[in-house]
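First the structure, in the form of structure tokens, and then the observations on it.
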Amino acid sequence: MAYGNALLEEIMANLLYRFDWKIPDGSKPEELNMEEICQFVVAKKYPLKLVPVTRF
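Here you go:
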């Protein structure tokens, strides 16, 4: 279990490091809908959609 957690952390760190994340269709950050749903856990009402752009 500990190895799985470490591996997942490594994968996520690489994804965040190797890509710049842009908002699709030229939208502005102020226009994003950040509503939440309160159920068993707090989740976004509408999923956040981002476009990965390679840095290198």
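1 is the number of the first residue of the sequence shown in full-length UniProt numbering; add one for each residue after it. Every residue gets a Cβ at the ideal spot worked out from N, C-alpha and C, and that includes glycine. In this text, all values refer to a predicted model and were calculated from it rather than measured experimentally.
Straight-line gap, residue i to residue j (C-alpha atoms, nearest Å)
{"i": "W21", "j": "N5", "result": "24 Å"}
{"i": "V42", "j": "E36", "result": "7 Å"}
{"i": "K45", "j": "M34", "result": "8 Å"}
{"i": "L16", "j": "L8", "result": "12 Å"}
{"i": "T54", "j": "A13", "result": "14 Å"}
{"i": "S27", "j": "C38", "result": "26 Å"}
Residue i - partner residues in DSSP beta bridges
{"i": "D20", "result": "V53"}
{"i": "V42", "result": "C38"}
For residue j and residue i, believed in contact at Cβ under 8 Å, the rounded distance
{"i": "K49", "j": "P24", "result": "6 Å"}
Residue j beta carbon less than 8 Å from that of residue i
{"i": "P52", "j": "F19", "result": "yes"}
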